[in-house]
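Peer 1: Under the working numbering, the first residue of the sequence shown carries the number 10, and numbering increases by one thereafter.
Built from N, CA and C at the ideal position, the CB exists for glycine as well.
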Amino acid sequence: MGQITEELKKYKRIAFDTNLFIYLMEKHQKYFDLAKSIFDMVEKGQLYATTSIEPERPQS
């Protein structure tokens with residue numbers, strides 16, 4: 010985990026994919042700690058992140 014977070018410090022901005030949110034919200038056994046560390050870096054201003062979403066489509 011430390012190796013990945015150290016590698017991320019080389020970048021100013023990263024993009025979050027859906028899986029990172031899922032790992033965090035569901036407290037995934039294998040990836041929760043890493044996801045939490047990445048979100049913590051963003052919260053502390055050490056890293057900037059973006060994500061994209063598509064609007065929910067109305068039911069026909």
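Using DSSP bridges, identify the partner residues of Y57.
Peer 2: Beta-bridge pairing links Y57 to R22.
Peer 1: Could you compute how far the alpha carbon of N28 sits from the alpha carbon of T14?
Peer 2: Roughly 17 angstroms separates the two Cα atoms.
Peer 1: Could you give the DSSP three-state label for Q38: helix, strand or coil?
Peer 2: Three-state DSSP puts Q38 in coil, outside helix and strand.
Peer 1: Report the three-state DSSP secondary structure of I47 (helix, strand or coil).
Peer 2: I47 falls in the helix class under three-state DSSP.
Peer 1: Can at least three beta-carbon pairs, one atom from the segment 11-25 and one from the segment 53-65, be found at a separation below 8 angstroms?
Peer 2: With the cut-off at 8 angstroms, the segment 11-25 and the segment 53-65 touch.
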